[in-house]
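J.:
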Amino acid sequence: MFIKCYNSFADYSSQYKLTQDEFYIYCYLYTNRTYEEYVLTSVDLINQTLNISFSNKESNNKKIIMNCLLNLKQKGIISFEADQLKNNTALYITFKEIEAKGFENISYEKFRSFKNATDCYIYFCVARYQKLNGFEASYNDWASILNVSRKTAIEMIEDVCKRGIIYKKIGGYTDEEIRSNQKKQEKNRYYIQKVEQKEKDVTETSATSSKETVQIVQENDTTNTNNKQEEREHNWYVKGSELTVDDFYIYLTTNDEKLKKQAEFRINAISKNEKGKYIVESLMKEAQEKVKDEKRKQEREMLKQMTNAVRLKDGTIVAVDEKNIDTIDVNEVDCIFYSYYGQHLETEVEIQIFQPTIYENGILGYENRPDMIHRGWELYIEHVKTCEMLTLSKCEEIKDQVFDEFFPERKEEKKVISKKKKEREIIDIATIVMEEWEKDEKKREEEQKEQQDRQSRLLQFLDEIEKKRKVYNDDDDLSFLDELD
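Its first residue numbered 23, the sequence shown is counted upward by one per residue in the numbering used here.
#1: Which whole-angstrom value is the C-beta distance of G193 and K209, which I expect to be below 8 angstroms?
#2: Tell me where the beta strand (DSSP E) around E303 begins and ends.
#3: What did DSSP end up calling V260 once you bin it into helix, strand or coil?
#4: When you compare each of Q477, E252, Y259 to N277 by their alpha carbons, which one comes out closest?
#5: Buried or exposed: where does H256 fall if 16 or more other Cβ atoms within 10 Å of its Cβ makes it buried?
#6: Give me the DSSP bridge partner(s) of T379.
#7: Along the chain, where does the beta strand (DSSP E) that runs through R333 open and close?
#8: Of all the beta strand (DSSP E) runs that stay within the bounds of the region 113-199, which reach a length of 3 or more residues?
#9: Taking the runs of the beta strand (DSSP E) that are 3 residues or longer, which of them lie wholly in the region 424-468?
#10: Excluding the 5 residues preceding and the 5 following C49 in the sequence, name in chain order all residues of the same chain whose CB lies nearer than 8 angstroms to its CB.
#11: What is the DSSP secondary structure of T276, counted as helix, strand or coil?
#12: Going by beta-carbon coordinates alone, are Y151 and Y60 separated by less than 9 angstroms?
#13: Using DSSP's beta-bridge definition, name the partner residues of C357.
#14: Distance check for A341 and D43, CA to CA, integer angstroms please.
#15: Who are the near neighbours of S166 in its chain, counting only those whose CB is closer than 8 angstroms to its CB and skipping five residues on each side?
#16: Quick one: measure Cβ to Cβ for F376 and I395, integer angstroms, because I've assumed they're closer than 8 angstroms.
#17: Are at least three pairs of beta-carbons, each pair with one atom in the region 410-421 and one in the region 359-367, less than 8 angstroms apart?
#18: When burial is assigned at 16 or more other CB atoms within 10 Å of the CB, is R322 buried or exposed?
#19: Relative to the C-alpha of L62, which residue among T41, F76, N83, A112 is closest?
#20: Determine the direct distance from the alpha carbon of F429 to that of Y38, and round the result to whole angstroms.
#21: Relative to the C-alpha of I420, which residue among L265, K407, E431, E400 is closest?
#22: Taking C90 as part of the alpha helix (DSSP H), name the residues at either end of that continuous run.
#23: Report the CB separation of V267 from A331 in whole angstroms; it is logged as a contact under 8 angstroms.
#24: For K317 and D462, I'd like the C-alpha separation in whole angstroms.
#25: Would you kindly work out how many angstroms separate the C-alpha atoms of G387 and I439, rounded to a whole number?
#26: Using 10 angstroms around the beta-carbon of Y300, count the other beta-carbons present and answer buried if the total reaches 16, otherwise exposed.
#27: F24 bridges to which residues according to DSSP?
#28: Starting from N210, trace the beta strand (DSSP E) in both directions and tell me its first and last residue.
#29: What's the C-alpha gap between N69 and N54?
#30: Pull up the CB-CB distance for E370 and C357, whole angstroms please, since I reckon it's below 8 angstroms.
#31: Rounded C-beta distance between L325 and E368? I'm assuming under 8 angstroms.
#32: Helix, strand or coil: how does DSSP classify L401 here?
#33: Taking just the CA atoms, how far does E472 sit from T453?
#34: To the nearest angstrom, report how far apart T116 and F102 are at their CA atoms.
#35: Based on the DSSP output, what are the partners of Y60 in its beta bridges?
#36: Just grab the DSSP bridge partners of S101 for me.
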């Protein structure tokens, strides 16, 4: 029996992209389907019957399982009804048909052989390219796929290769020089079955002859040519055609080297006069903004799937949790993400906020206090291990704790400020109460005065009536009342 694993589960541009934990839970649920293709389970039951643990703490493990179920539901991969999902809530789970092309079958037996979610996910990433002469990827590619730093990605891939989860074929060298006397190396290829690595494929640049290099290029050029050809429609090859923003967007995002050279040839030709140069610069600028917008959109979607995350100095966003946070080097971290509204991550703040600010030569900056940054990072790690999302208030709390530890007098100053603030608040409240009392008192005085005026007018009216009565002797003659009108 096989698990139907869609290729889009490992595609970052897809709405169905899954994390390692989500993918493992999906596979687990799939293996527990009935003949009627549903699963009757609960978070507690999954926790008890799962072959692996996501966390050493049972409460955190259940929390991760629950988040995976909710994310799988949100992404439209599974369906279940639960107004208030609790650990003991009985779930009737069904699988949705998703609009995705291509899938890989993983046997139940193979899935149950994995000792952790990472092994399972990496195996799937490679298995889906098995029919295409293996999966070609750099360590930067692996870092993006696994949401970790490049350093961590290298360690993880070397580990799974060493244990035989996947197998690596080292990329050969090309004639292209990336720097003095150093030739460009092609990406490594990965397989789920063992392959022979030819000695010439791993020969160091210093020992590679021209003849050997040519042989390596010829061997590798036969493998992935079709995959690099641009399939999107464009005008770069159409002579005399009017180029558009979409053409420049394709130029910026394509992997087709032949297309890139053609595009650069036309760009250089058009840019020979001022008008053409202006048109190229305008279209290029708009296309670059489109690329940035798409990147920001992808980042926002990525962050919605993460509980906590950091941005490395190379721009990579890495999801962090209790399993990988200790492997992240704080010196590689540029920003940490937090939730402003408490729903999902959407805002980032520089790691440097744990240092005091300075103002020099009209520029606002930070003091060089790596010790404070390291302390802030330690507190951030503690928070990440709680499996709770970082919020703005928690971020400020961590920052305040760092400053209080390094500047004890600041804590006393804060107490004084807090005391004065409370006194000020009391005064403000008293002032407001007094103003309200004065308003009420004034209103009462006005109402009292109005009442007195009414009584005065009534008495005056009665006096007038009494005077009129005395003028007339005949009590039956009431014509005087007409005069009152």
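Glycine is no exception: its CB is placed at the ideal position from the N, C-alpha and C atoms.
Only a predicted model underlies this, so the values are computations on that prediction, with no experimental measurement involved.
T.: For this structure:
#1: For the purposes of this step, residue 193 is taken as residue 171 along the sequence shown, with counting starting at 1. For the purposes of this step, residue 209 is taken as residue 187 along the sequence shown, with counting starting at 1. At roughly 5 angstroms, the Cβ-Cβ gap stays under 8 angstroms, so G193 and K209 are in contact.
#2: For the purposes of this step, residue 303 is taken as the residue at position 281 of the sequence shown. Looking at the DSSP string, E303 is not in any beta strand (DSSP E); the run it does join, the alpha helix (DSSP H), is 296-326.
#3: Start at 1 with the first residue of the sequence shown, and residue 260 comes out as number 238. V260 falls in the coil class under three-state DSSP.
#4: The count along the sequence shown starts at 1 and reaches residue 277 at position 255. It is E252.
#5: Against the sequence shown, residue 256 aligns to sequence position 234. By the Cβ-count criterion, H256 is buried, with 16 or more other Cβ atoms from all chains shown falling within 10 Å of its own Cβ.
#6: Numbered from 1 along the sequence shown, position 357 holds the residue referred to as residue 379. T379 is bridged to Y388.
#7: What you label residue 333 is simply residue 311 of the sequence shown in a count that begins at 1. Looking at the DSSP string, the run of the beta strand (DSSP E) that includes R333 is 331-334.
#8: 113-117, 125-129, 157-159, 189-191
#9: none
#10: On the sequence shown, position 27 is the one that residue 49 refers to. These residues qualify, in order along the chain: I25, C27, I128, F133, C142.
#11: Residue mapping note: residue 276 aligns to position 254 of the sequence shown, counting from 1. Three-state result, T276: coil.
#12: What you label residue 151 is simply residue 129 of the sequence shown in a count that begins at 1. What you label residue 60 is simply residue 38 of the sequence shown in a count that begins at 1. Not closer than 9 angstroms, so no.
#13: Along the sequence shown, one-based indexing puts residue 357 at 335. Answer is R333, E372, bridged to C357.
#14: Looking up residue 43 in the sequence shown gives position 21. Looking up residue 341 in the sequence shown gives position 319. Cα to Cα, D43 sits roughly 12 angstroms from A341.
#15: For the purposes of this step, residue 166 is identified with residue 144 of the sequence shown, where counting begins at 1. Y34, T338, listed in sequence order.
#16: Against the sequence shown, residue 376 aligns to sequence position 354. Against the sequence shown, residue 395 aligns to sequence position 373. Between I395 and F376 the Cβ distance is about 5 angstroms, and since that is below 8 angstroms, they are a contact.
#17: The region 410-421 makes contact with the region 359-367: 3 or more CB pairs, one atom from each, lie closer than 8 angstroms.
#18: Residue 322 sits at position 300 when you count from the first residue of the sequence shown. So R322 ends up on the exposed side.
#19: For this step, residue 62 is matched to residue 40 along the sequence shown. Ranking T41, F76, N83, A112 by Cα distance to L62 puts A112 first.
#20: Counted from its first residue, the sequence shown places residue 38 at position 16. Counted from its first residue, the sequence shown places residue 429 at position 407. Distance between the alpha carbons of Y38 and F429: 48 angstroms.
#21: As a first step, residue 420 is located in the sequence shown; it is residue number 398 there, counting from the start. Checking every option, the nearest Cα to that of I420 belongs to E400.
#22: Within the sequence shown, the letter at position 68 stands for residue 90. Element bounds for C90: 80-96.
#23: Taking the sequence shown and counting its residues from 1, one reaches residue 267 at position 245. Taking the sequence shown and counting its residues from 1, one reaches residue 331 at position 309. By a beta-carbon distance limit of 8 angstroms, V267 does not contact A331. Their separation comes to about 31 angstroms.
#24: Residue 317 sits at position 295 when you count from the first residue of the sequence shown. Residue 462 sits at position 440 when you count from the first residue of the sequence shown. Rounded to the nearest angstrom, the two C-alpha atoms are 60 angstroms apart.
#25: Here residue 387 refers to the residue found at position 365 of the sequence shown. Here residue 439 refers to the residue found at position 417 of the sequence shown. If I take the Cα positions, the gap works out to 25 angstroms.
#26: In the sequence shown, residue 300 corresponds to position 278, counting from 1. With fewer than 16 Cβ atoms within 10 Å of its Cβ, Y300 is classed as exposed.
#27: Along the sequence shown, one-based indexing puts residue 24 at 2. Answer by DSSP bridge pairing, in chain order: S129.
#28: Your numbering for residue 210 matches position 188 in the sequence shown. N210 -> beta strand (DSSP E) spans 210-213.
#29: Within the sequence shown, numbered from 1, the residue matching residue 69 stands at position 47. Within the sequence shown, numbered from 1, the residue matching residue 54 stands at position 32. Rounded to whole angstroms, N69 to N54 spans 14 angstroms at the Cα level.
#30: The residue labelled residue 370 in the question sits at position 348 within the sequence shown. The residue labelled residue 357 in the question sits at position 335 within the sequence shown. The pair is a contact, with the Cβ atoms about 4 angstroms apart (cut-off 8 angstroms).
#31: Start at 1 with the first residue of the sequence shown, and residue 325 comes out as number 303. Start at 1 with the first residue of the sequence shown, and residue 368 comes out as number 346. L325 to E368, Cβ: 6 angstroms. Contact.
#32: If you number the sequence shown from 1, residue 401 lands on position 379. DSSP, read as helix, strand or coil, puts L401 in helix.
#33: Numbered from 1 along the sequence shown, position 431 holds the residue referred to as residue 453. Numbered from 1 along the sequence shown, position 450 holds the residue referred to as residue 472. Looking at the two C-alpha atoms, the distance is approximately 28 angstroms.
#34: Your numbering for residue 116 matches position 94 in the sequence shown. Your numbering for residue 102 matches position 80 in the sequence shown. Near 7 angstroms, if we compare the C-alpha coordinates of F102 and T116.
#35: Here residue 60 refers to the residue found at position 38 of the sequence shown. DSSP lists T116 as partners of Y60.
#36: Along the sequence shown, read from residue 1 onward, the residue named residue 101 stands at position 79. According to DSSP, which records beta bridges pairwise, S101 is partnered with T116.
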